[in-house]
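Here is the structure we will look at, set down as structure tokens.
Chains as they are written, first to last, in this note's numbering: chain A, 1 to 514; chain B, 1001 to 1182.
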């Protein structure tokens, strides 16, 4: 049965609103009603959305073909088109597999040579923005930007999502001020924020003149207003609230659980009657959906567990085994210290492996546009003065980040090391390590400006597996699913790689709209 | 099977996988976009779908319909991600979603033809309209960005985009009808 003119007009209006992101709840209900009732309406809808999908493709092709055209700054984060190829290929890698996306590195400025320790570092990344305006008019953050420790953000309006390096995902609703104290702590002098804290980031803390809120595995919101009580709302899980002492009066710590809320001020704390959490429409996981019948031809698929299972024992059946003699070299173009990239892999090191068998797992010499390069080695720590024996150790020239978890236990561990050029590639490199999704150590070396200190190592287009160039020490153990991405991956993205096909934990903000 | 032949088999399988994935990304994306009409959500799901396709590729029977197989996997990714998208502005209940998915599969061949026809229809647009609509659908862009770059007000951009989409829909339908008649 064909649609009448009136029906076509109505569907066109509804689909246009859908395409433009202006669909109201009433319109959505009406569209769903029409689609449920009419095959002709469904055909119209499929043709309309397919047109939009095709436009996405043609527009993407046009953009790729015209790199010199001045473009508006993207307001919303997007993943590079080639990014997807990294994960899937890792998943099918029979053994270590190195994949790069095509990025133009030719315009980056650089300095080369050995490195020295620098205290300033990045602690978070902007992972989403919507309609942001800044109170100082000078802030120019963009999605994907790294944010330094100690940075104060004065958001006049809009929504800003920041993912801390520990994995905590903070959404700030303007007007608000947020100070980034570390990868594990933020201060909210005023404004509203909502936090989603994955298991890896338990212990993340939001501080305020009235109260400190320490996450115990949860989602919560904090509302801070100058001269008024600070409100804490727990959507899921639980938090520990530590009220600050005023006039010498200590207040006891409180544990707030799901759907509890409390306000804190100088006189103490109290429950919030008839609390309406901020971000009510955004925070908290989605309600359970009733299962529905799949299309007839769809294959059965087991339910996806909420938490990634331990890697199946046969997952790494084809891992590369390093026995103290074996090593591999793979082509690796564009591994420079002036561009962001991330190295992830699985590793298993037999328990009790001697310290003499601690050669580099992955190593390369990072070039930067000149003949000299910075040697980078990912290995395990053999120096008890630097940290736990067996912990992940990433050396970048003379500086090293050392983790906490011993890899030398005979189990498979997922390792990710993120390299971010500091100050947009002008001489510093921020290195942070993740072991099994947990942030474990970071370091921000500065490239030396003294020519005498340059290494004699030339950058190469090769990544070494099982040994670092110029060293007789070999690695003993197994490696698998090596992935090199030309992005500074955020914790959620690393988690996604680690968990393979596991979906993201439900997030509660839909602000990335295209 | 010795090591060398296994390596060759794996390499051949991976080559075939990448060929099929590359060849049919647009079709899988189009299917996903129909079910989750938000570019970024659909791209996220496309990545997840690609992962599962890679993992399960040994189960794919060569010579059968790869897109149909991939769309079944995509369907399950959408189902698995329903919680994730339940709070987005546009979400249909499972009954509607299943019905739309069924229609999308039925119209797959037509969708391919419409995609090719659209290329010609885009060329027929007034350059100013073509620039507006392509700017709107560029990665990372939105209506506001397209309005700014085209010098239109936001309201004018919404109206123009609605008009242009209708022009394109009509043009594509007419072109398919003409091809069918010839």
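Every residue gets a Cβ at the ideal spot worked out from N, C-alpha and C, and that includes glycine.
- Under the three-state reduction of DSSP output, residue 1155 of chain B falls in the helix class.
- Taking 8 Å as the CB threshold, residue 1115 of chain B lines the interface with chain A.
- Contact residues of the segment 41 to 55 of chain A toward chain B are 42, 43, 45, 46, 47, 48, 49, 50, 51, 52, 53, 54, 55 (C-beta to C-beta distance below 8 Å).
- Looking from the CA of residue 264 of chain A, the closest CA among A:251, A:355, A:257, A:276 belongs to A:251.
- Taking 8 Å as the cut-off, the beta carbon of residue 466 of chain A is found closer than this to the beta carbon of residue 328 of chain A.
- At a cut-off of 8 Å between beta-carbon atoms, residue 1030 of chain B makes contact with chain A.
- With a cutoff of 8 Å on beta-carbon distance, residue 419 of chain A and residue 402 of chain A are scored as not near each other.
- Three or more Cβ pairs drawn from the segment 1057 to 1074 of chain B and the segment 1011 to 1031 of chain B lie within less than 8 Å of each other, which places the two stretches in contact.
- Rounded to whole angstroms, residue 155 of chain A and residue 1160 of chain B show a C-alpha spacing of 32 Å.
- Taking C-beta separations shorter than 7 Å and ignoring five residues to either side along the sequence, the partners of residue 1042 of chain B in its chain run 1029, 1032, 1033, 1036, following chain order.
- Between the beta-carbon of residue 405 of chain A and that of residue 428 of chain A there is about 27 Å, and that puts the pair past the 8 Å contact cut.
- Nearest neighbour of residue 1052 of chain B by Cα position, chosen from B:1065, B:1069, B:1039, turns out to be B:1069.
- Against residue 1178 of chain B, chain A offers no close residue; the least beta-carbon distance is about 17 Å (beta-carbon pairs closer than 9 Å).
- Scanning A:61, A:194, A:160, A:153 for the CA closest to the CA of residue 143 of chain A turns up A:160.
- Take the alpha-carbon of residue 127 of chain A and the one of residue 1146 of chain B: they are about 22 Å apart.
- Taking 8 Å as the CB threshold, residue 217 of chain A stays off the interface with chain B.
- Taking a Cβ-Cβ cut-off of 7 Å, residue 1152 of chain B has no neighbours in chain A, whose nearest Cβ is about 13 Å from it.
- Shown here, residue 181 of chain A sits in a strand according to DSSP, grouped into three states.
- Judged by DSSP secondary structure, residue 133 of chain A falls within the beta strand (DSSP E) whose first and last residues are 122 to 134.
- Taking a contact to require three or more Cβ pairs closer than 8 Å, the segment 386 to 402 of chain A and the segment 474 to 487 of chain A do not qualify as touching.
- Annotated three-state conformation of residue 377 of chain A is strand, per DSSP.
- Residue 416 of chain A is not a Cβ neighbour of residue 349 of chain A, given a cutoff of 8 Å.
- In the three-state reduction of the DSSP assignment, residue 442 of chain A falls in the strand class, which pools E and B.
- Between residue 1126 of chain B and residue 1067 of chain B, the gap from beta carbon to beta carbon reaches 8 Å or more.
- For residue 1130 of chain B, the closest alpha carbon among the candidates A:169, A:203, A:58, A:173 is that of A:58.
- If you check the CB distance, residue 41 of chain A and residue 18 of chain A do not come in under 8 Å.
- Nearest to residue 440 of chain A by alpha-carbon distance, out of A:462, A:375, A:480, A:413, is A:413.
- When the beta-carbon positions are compared, residue 183 of chain A and residue 165 of chain A come within less than 8 Å of each other.
- For residue 479 of chain A, the uninterrupted beta strand (DSSP E) segment begins and ends at 476 to 485.
- For residue 194 of chain A, the three-state secondary structure derived from DSSP is strand.
- Taking the C-beta atoms as reference points, residue 393 of chain A is found no nearer than 8 Å to residue 351 of chain A.
- In the structure shown, residue 12 of chain A falls within a helical segment according to DSSP collapsed to helix, strand and coil.
- Within the segment 195 to 236 of chain A, the complete beta strand (DSSP E) runs of at least 3 residues fall at 205 to 207, 211 to 224.
- Going by beta carbons, residue 421 of chain A and residue 337 of chain A fall inside the 8 Å limit.
- With respect to residue 51 of chain A, residue 1132 of chain B sits apart: the two C-beta atoms are not nearer than 8 Å.
- As the crow flies, the alpha-carbon of residue 170 of chain A is around 43 Å from that of residue 1011 of chain B.
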